[in-house]
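As structure tokens, the structure follows; a few thoughts come after it.
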Amino acid sequence: MVCLDVAQRITKPDLGLYLRPSMNKFDSLNRSIDIVRVASVPSAGFLNRQIILLLSSLGIKDEIFYSLQEQMLDQLRTLTVDHRKARDFLKQSGESSGNGYHGFLLAYLKRFGNCIDPFARQILLAIQAFHVKELRIKARIIV
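Residue numbers (numbering that gives the first Met the number 0): 0 to 142.
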């Protein structure tokens, strides 16, 4: 993945692109970059078990990860209770998958607020169950 330096923080004027040594998989004379996909909207970032283990080995205290995990669980607990928090969570998680449930729920919660019908509630419960499973199995924490 390549990210543009829009903040212009690269201090060397002659450096057009910086690659970490681990990004060079093999030597080649070809110096072109192909763009596979461009992000149209910002996406959520997640911690997973591997990243947590790496950060922990670099000195980040485990309490930080427990705190982030507890915050996410608190958000998931209120998903079906408070429509504002449900909308905030859906916006934060940024899951714009092809099935359209994400956009539907955001529009529904914005328009109807506290009047959640059984169908929308079941979708929220399914999202809640999915994120709890991902948290339990993969330690997938939204940051």
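For each residue, glycine too, the CB sits at the ideal point set by N, CA and C.
Return helix, strand or coil for F45, following the three-state DSSP convention. strand
By how many angstroms is the C-alpha of S55 removed from the C-alpha of Q74? Straight-line spacing of the CA atoms in Q74 and S55 works out to 24 Å.
Taking buried to mean at least 16 other C-beta atoms within 10 Å of its own C-beta, is Y107 buried or exposed? Y107 comes out buried.
Give me the Cα-Cα distance between Q70 and L28, rounded to the nearest whole angstrom. 48 Å
Could you compute how far the alpha carbon of F88 sits from the alpha carbon of D26? 44 Å
Span of the alpha helix (DSSP H) around S66: It spans D61 to R76 - the alpha helix (DSSP H) in which S66 sits, taken as one unbroken run.
Rounded C-alpha distance that separates L105 from K24: Each residue's alpha carbon lies about 42 Å from the other.
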